[in-house]
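Peer 1: The C-terminal residue of the sequence shown carries number 294 in the UniProt record's numbering, and the numbering is unbroken.
Below is a structure I'd like to ask you about.
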Amino acid sequence: MQGLPILRSTPQLRSRIRSWRAFGETVAVVPVGRSLHEGHLALIRAARGEADRVLAVVARWCDGRARGRPEPGAGEEDFDELEAAERVEEAGADAVYLPSAESLFPAAPVVEIHLRGLTDVLCGEERPERFEGFALAFTRLLSQAQADVAVLGERDWQRLAILRRLAIDLDLPTEVRSAPTERDMDGVAWAEGAQDLAGEDRAAAVRLWRELKRAAAAIDAGGDVDATLDAAADALADAGAEVEYLDLRDAETLAEVDDPAGDRPARIFAAIALGDLRLIDNVPLGEARNPLDG
């Protein structure tokens with residue numbers, strides 16, 4: 001296997017993309033964390049159907065202005081660049097961009113990105129700077145790459161909604177598209193640390209997905225929203241999870257939904273804690289499969 005082109009600077013990135021553009025090829029970028037797992041690789045495979053060329057962006061997605069706190073798994077010291085390049089190449093990437101922290105997060109930014117109603121709810125209610133920092137980094141990445149498409153996973157739907165709105169409001173040339181959440185056979189979404197769960201914690205993680213599907217099916221059938229969500233939260237608590245939130249919200253605006261029978265797309269969002277591990281997940285209304293499906 002020939003070595004995948006490894007890009008380390010913005011000039012290298014732009015030069016590579018210009019070479020693809022010279023042949024009329026379209027470009028998709030896939031931003032992923034350094035702790036590569038099957039969920040990340042699935043995004044790269046999905047991007048192959050979205051553009052002629054796929055650029056994997058493997059980075060420490062620190063939230064920059066939020067006192068330098070990294071995303072889970074972002075601070076590992078044993079990151080192997082060559083191994084990462086091999087893995088993303090096997091998944092279908094044509095090049096990998098390994099940006100420095102400085103290229104994504106300026107040292108003392110005066111620009112702030114706040115998306116009203118999107119960055120300050122759900123996971124951002126206690127820590128809106130988490131998304132605001134990522135939004136700034138994402139904007140810089142798209143400015144550097146000028147890609148046609150960016151592919152993100154649906155597990156972190158809030159981030160997806162934020163970045164879609166950002167691209168629209170700033171008239172960025174990149175369309176933000178989504179790929180389905182990659183899951184184990186028992187339904188647990190691929191995420192940093194989730195696949196290491198065992199015993200009661202693993203059972204609780206499985207319960208999260210099942211309770212979300214049960215709740216979606218019940219609401220689709222006309223069930224009371226508050227009673228349905230309360231029952232799901234109680235079931236998760238009984239399984240040993242600490243429920244941070246369990247909400248029904250508009251899929252685009254993330255506003256609370258009063259009428260689930262309306263014509264606006266809606267999703268149920270949840271975040272739970274299992275010891276030191278925090279899991280998020282979501283499911284759409286109107287598309288729920290049988291709640292007992294794997």
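We treat Cβ as the ideally placed atom computed from N, Cα and C, and that holds for glycine.
Keep in mind the model is a prediction, meaning the values are calculated, not measured.
Would you verify that the beta carbon of V54 is, or is not, closer than 7 angstroms to some beta carbon of chain B?
Peer 2: The structure shown contains no chain B; it is built from a single protein chain.
Peer 1: Quick one, which of A91, A101, A179 and A255 has its alpha-carbon nearest L118's?
Peer 2: As a position in the sequence shown, residue 118 is number 118, starting the count at 1. Measuring from the Cα of L118, the nearest candidate turns out to be A255.
Peer 1: Figure out for me which residue from F138, I268 and L285 has the closest Cα to the Cα of residue 301.
Peer 2: Nothing can be reported for residue 301: it is not among the residues displayed for the chain, which extend from 1 to 294.
Peer 1: If you draw a straight line from the alpha carbon of F79 to that of A59, how long is it in whole angstroms?
Peer 2: Taking the first residue of the sequence shown as 1, we reach residue 79 at position 79. Taking the first residue of the sequence shown as 1, we reach residue 59 at position 59. Approximately 10 angstroms between the Cα atoms of the pair.
Peer 1: Does the beta-carbon of S15 have 16 or more other beta-carbons within 10 angstroms, so that it is buried, or is it exposed?
Peer 2: Numbered from its first residue, the sequence shown carries residue 15 at position 15. It counts as exposed.
Peer 1: For L82, does the count of other Cβ atoms within 10 angstroms reach 16, so buried, or fall short, so exposed?
Peer 2: As a first step, residue 82 must be located in the sequence shown, where it is residue number 82. By the neighbour-count rule (16 or more Cβ atoms within 10 Å), L82 is not buried but exposed.
Peer 1: How is P11 classed by DSSP in three states: helix, strand or coil?
Peer 2: Here residue 11 corresponds to residue number 11 of the sequence shown, with the count starting at 1. Three-state DSSP puts P11 in a helix.
Peer 1: Excluding the 5 residues flanking R53 on each side, which residues of the same chain have their C-beta closer than 6 angstroms to its C-beta?
Peer 2: Taking the sequence shown and counting its residues from 1, the one referred to as residue 53 is at position 53. Excluding positions up to five away in sequence, the list reads W20, E25, V27 and D94.
Peer 1: In this structure, does DSSP put E234 in helix, strand or coil?
Peer 2: Numbered from 1 along the sequence shown, position 234 holds the residue referred to as residue 234. Here residue 234 is Asp; the residue named in the question, Glu, does not match the sequence. Three-state DSSP puts D234 in a helix.
Peer 1: For the stretch 39–54 and the stretch 125–142, state whether three or more C-beta atom pairs, one from each stretch, are separated by less than 8 angstroms.
Peer 2: The stretch 39–54, when compared against the stretch 125–142, does not touch it at the 8 angstroms Cβ threshold.
Peer 1: Tell me, please, which residues DSSP counts as bridged to R210.
Peer 2: Taking the sequence shown and counting its residues from 1, the one referred to as residue 210 is at position 210. Paired residues: none, contrary to the question.
Peer 1: Excluding the 5 residues flanking A205 on each side, which residues of the same chain have their C-beta closer than 7 angstroms to its C-beta?
Peer 2: Counted from its first residue, the sequence shown places residue 205 at position 205. So the list reads V188, A194, L197, L274 and L279, once near-sequence residues are dropped.
Peer 1: In the DSSP output, which residue or residues are listed as bridge partners for R127?
Peer 2: For this step, residue 127 is matched to residue 127 along the sequence shown. R127 pairs with nothing; no bridge assigned.
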